[in-house]
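Quick note: the sequence shown uses this note's numbering, first residue 110, plus one each step.
Where a beta carbon is used, it is the ideal one built from N, C-alpha and C, also for glycine.
On a predicted model such as this, the values are computed, not experimentally measured, just so you know.
Presented below is the structure to which this report refers.
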Amino acid sequence: DRAGSISGRVLDSETGSPLAESTVCASRWADPRWERCVQSDQDGNYVLRVPPNIYNVLFQPPASSPDLGSQYWKDDETSEFAGWVVVDEGGIVTGIDASLHPAKRMTPGTPTIRGVPRVGELLVANPGGWDPMTFDFSYSWSANGERVGSGQALWLDESMIGKKITVEVWGRAVGYRSEKATSAPVGPVAARAVVPEVPVVPEVPPASGGAGAGSPGGSAPEAGGSGARGAEARGAGSSGGSGTLAQTGSE
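What follows is the structure, encoded as structure tokens:
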């Protein structure tokens, strides 16, 4: 087994008491998205089994102690300046302890909502200016007080017609107590915009520039002549032919 371990204890900095059910997470220094978490036992002790790597360790207070703030080892509020914990293959790293301090108070911003409150449109939440600004934000959308979505954006559908939309923003930061703020409502949500149909006009063929076949005043092309001139031509041809034959016969 190549895995090693990180272990330590979590205490309350003011009372020195162990903090049971604290959450302890190890995240890879080069890949913060990877993490492994455990909870401390009744004596505040924890053991994290992790593969060989370099880690930041984050300590979060239990739900029973909301006035305490989170912190990284060694006693830092940001992962950029936190101490590194190096775990070798099969290595056992002990003494990674934490004494959690009272949480600082953050100043919430004023959330706002951008977009048109109409079915088929997208609303986007702006958390506003929080102090300090190094927060993780989460969002909860409501329509007339009923939760309808999460995330920073919300697509509006027919179920929201006639309702007013608000967004609740939670701010969280290491070392600070979580706070929330709610936007002013927008709406009510209108029905989807109706796009008028454009009538289809059938194409009309362009009028002919001259009198041709099938058009008024036109005439069919003549084949071999027609009318008086045609009759004359045929008569002349027929007469000439008959005379030639008669002369040949008399000879």
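So residue i and residue j are in contact, right, with Cβ under 8 Å, and what is the actual spacing, rounded?
i, j, result
"Pro160", "Asp197", "Contact flag wrong, Cβ pair sits at about 11 Å."
"Ala207", "Tyr164", "No, Ala207 and Tyr164 are not in contact; Cβ-Cβ is about 14 Å, not under 8 Å."
"Leu265", "Val228", "5 Å"
"Ala290", "Gly224", "With a Cβ gap of about 19 Å, Ala290 and Gly224 do not count as contacting."
"Val304", "Pro226", "Actually they are not in contact, since the Cβ atoms of Val304 and Pro226 sit about 19 Å apart, beyond 8 Å."
Determine which residues share a DSSP beta bridge with residue i and list them.
i, result
"Val194", "Tyr164"
"Asp240", "Thr216"
"Leu209", "Asp121"
"Ala129", "DSSP output for Ala129 lists no bridge partner at all."
"Lys289", "Trp279"
"Arg145", "Ala135"
With a CB to CB cut of under 7 Å and the five nearest residues on each side skipped, what residues in its chain are close to residue i?
i, result
"Asp71", "Not covered by the structure: residue 71. The range shown for the chain is 110 to 360."
"Ala92", "Residue 92 is absent from the model: the chain starts at 110 and stops at 360."
"Ser126", "Leu120"
Starting from the C-beta of residue i, find all residues in its chain whose C-beta is less than 6 Å away, skip the five residues before and the five after it, and write them out in chain order.
i, result
"Ala252", "Met269, Lys272 and Ile274"
"Ser114", "Val156, Arg158 and Ile201"
"Thr372", "Given a span of 110 to 360 for the chain in the structure shown, any question on residue 372 remains unanswerable."
"Gly333", "Confidence at Gly333 is low in this model, with a pLDDT of 43, below 50, so its placement is unreliable and the value that follows should be read with caution. Cβ within range, chain order: n/a, list empty."
"Val133", "Val147, Tyr155 and Phe168"
"Leu232", "Ile222, Gly224 and Leu263"
Give the single residue among the options whose Cα lies nearest to the Cα of residue i.
i, options, result
"Gly254", "Trp279, Ser292, Ser208 and Gly229", "Ser292"
"Ala299", "Ser247, Glu267 and Ile205", "Glu267"
"Val257", "Glu277, Gly238, Asp245 and Pro311", "Glu277"
"Ala262", "Arg281, Gly284, Pro236 and Asp245", "Pro236"
"Arg392", "Val307, Gly199 and Lys183", "Residue 392 lies beyond the range of the chain shown here (110 to 360); nothing can be said about it."
"Glu288", "Asp245, Trp143 and Leu231", "Asp245"
"Glu230", "Met242, Ala302 and Ser249", "Ala302"
"Ser131", "Asp140, Trp143, Gln151 and Ala191", "Gln151"
Among the residues of its own chain, which have a CB less than 8 Å from the CB of residue i, if the five just before and after it don't count?
i, result
"Arg338", "Only weak support exists for where Arg338 lies, its pLDDT of 41 falling under 50; the value from the coordinates is given anyway. No residues qualify anywhere along the chain."
"Leu128", "Val119, Leu120, Asp121, Ser149, Gly153, Pro170, Pro171, Ser174, Leu177 and Leu209"
"Thr221", "Ala234, Asn235, Gly237, Ser292 and Ala293"
"Trp193", "Trp138, Ile163, Tyr164 and Asn165"
"Ser247", "Ser259, Val278, Trp279 and Arg281"
"Ile205", "Ile115, Ser116, Gly117, Val166, Trp182 and Val194"
"Gln180", "Leu167, Phe168, Glu186, Ala207, Leu209, His210, Val283 and Gly284"
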